[in-house]
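> Okay, handing you the structure first.
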Amino acid sequence: MTYQPATPAPRTSATKIILIIVAIVVAIMLLCGGVLAAILVPSLSRARAAAQEARLGANARQIVTAVVMYAAGSNDEAPPHLAATITMGALDPEALRDKRFNRPAMAMPPAGADWRSIRADVDAHSDFVYLGEGLKLNKLSSPQDCPVVYAKDPLSKGEILTGFADGHVEKLPPARFRAAFADLNSERASQKLPPLPAP
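In this note's numbering, the protein residues as written are 5 to 203.
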């Protein structure tokens, strides 16, 4: 008996049908994966934006609370800058910075650091603009309309996250923010303080 190498069996129509079915299943999986991704990506993007807004809102509330705490111990006068709230221990520097931005980290102030170096660090790395310099909080006619801090970067719908002297935080459309800023300058004028330049 002589050895004969095995010859491949001719492809039958059943094999061809199986290959076609496998190709169709792979194509359907790829198509469904693309459709699923197209459905999920906008939802995930909205959820991420909402989480970032919530984090910024919490940070703004911490800043406003620190300003009110500082004023309570300083004859109702708002701090001259946010660094003053850090040096008195009312504000954690992390509240001034949103982690979604690639900015250098601001560590806790080193022991013995003076307010000038802390203020320079706050001004360079903060995501917020402080507006309360020199204000007497107890002399405000309407603290609920007087902004003391706002986020530098607008939110997803162009709104501006703003913290007010009464402690609340709101997302304001640009026109309403300009009106609140005008109210702030009116309050500053009534307290004989110079007006702040419009942002």
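Backbone N, C-alpha and C define an ideal beta-carbon position, used for all residues, glycine too.
(1) Which two residues bound the contiguous alpha helix (DSSP H) that contains A183?
(2) According to the Cβ coordinates, are A155 and L60 closer than 9 Å?
(3) Among L176, L159, P199, which has the Cα closest to the Cα of G136?
(4) So, under 8 Å CB-CB, V71 and P83 are touching, yes? Tell me the CB distance rounded to an integer number of Å.
(5) Counting pairs of Cβ atoms below 8 Å between the region 174-193 and the region 157-166, do you hit three or more?
(6) Confirm, please, whether the CB-CB distance from S145 to E191 is below 9 Å.
(7) So, is A184 buried or exposed, given that buried needs 16 or more other C-beta atoms within 10 angstroms?
(8) Does any residue of chain C bring its CB to less than 9 Å from the CB of A58?
(9) Taking 8 Å as the limit between beta carbons, can you name the residues of its chain near G38, skipping five residues before and five after?
(10) Need the endpoints of the beta strand (DSSP E) that P151 sits in, please.
(11) Alpha carbon to alpha carbon, how far is A31 from I25?
(12) Under the assumption that Y134 contacts H172 (Cβ atoms under 8 Å), give the Cβ distance between them as a whole number of angstroms.
(13) Within a Cβ cutoff of 6 Å, which residues of the same chain sit near A109, ignoring the five residues on either side of it in sequence?
(14) L139 and Q195 look like a contact to me (Cβ under 8 Å); what is the Cβ gap, rounded to whole Å?
(15) What is the DSSP secondary structure of A54, counted as helix, strand or coil?
(16) Are the CB atoms of D125 and A87 nearer to each other than 9 Å?
Walking through what the data contain:
(1) What you label residue 183 is simply residue 179 of the sequence shown in a count that begins at 1. A183 -> alpha helix (DSSP H) spans 178-194.
(2) Within the sequence shown, residue 155 is the residue found at index 151, counting from 1. Within the sequence shown, residue 60 is the residue found at index 56, counting from 1. Taking 9 Å as the cut-off, the Cβ atoms of A155 and L60 count as close.
(3) Counting from 1 along the sequence shown, the entry for residue 136 is found at position 132. Checking every option, the nearest Cα to that of G136 belongs to P199.
(4) Translated into the one-based positions of the sequence shown, residue 71 becomes position 67. Translated into the one-based positions of the sequence shown, residue 83 becomes position 79. The pair is a contact, with the Cβ atoms about 6 Å apart (cut-off 8 Å).
(5) Short answer: they touch.
(6) Working through the sequence shown from its first residue, we reach residue 191 at position 187. Working through the sequence shown from its first residue, we reach residue 145 at position 141. In contact: E191 and S145 (Cβ atoms closer than 9 Å).
(7) Here residue 184 refers to the residue found at position 180 of the sequence shown. By the beta-carbon neighbour count (other beta carbons within 10 angstroms, threshold 16), A184 is buried.
(8) No chain C is present in this structure, which holds just one protein chain.
(9) Residue numbering aside, residue 38 sits at position 34 when the sequence shown is read from its first letter. So the list is empty, once near-sequence residues are dropped.
(10) As a position in the sequence shown, residue 151 is number 147, starting the count at 1. It spans 151-155 - the beta strand (DSSP E) in which P151 sits, taken as one unbroken run.
(11) In the sequence shown, the residue the question calls residue 31 occupies position 27. In the sequence shown, the residue the question calls residue 25 occupies position 21. Each residue's alpha carbon lies about 10 Å from the other.
(12) Sequence index remark: in the sequence shown, residue 134 carries index 130 (1-based). Sequence index remark: in the sequence shown, residue 172 carries index 168 (1-based). The Cβ separation is near 17 Å, so there is no contact.
(13) As a position in the sequence shown, residue 109 is number 105, starting the count at 1. Any reading at A109 must be qualified, since the residue scores a pLDDT of 42, below 50, and its modelled position is unreliable; the value itself is stated next. For A109, where only same-chain residues beyond five positions count, there are no Cβ hits under 6 Å.
(14) Sequence index remark: in the sequence shown, residue 139 carries index 135 (1-based). Sequence index remark: in the sequence shown, residue 195 carries index 191 (1-based). 7 Å between Cβ atoms; contact.
(15) The residue given as residue 54 occupies position 50 in the sequence shown. Here A54 sits in helix by DSSP.
(16) On the sequence shown, position 121 is the one that residue 125 refers to. On the sequence shown, position 83 is the one that residue 87 refers to. It is a contact, given that the beta carbons lie within the stated cut-off.
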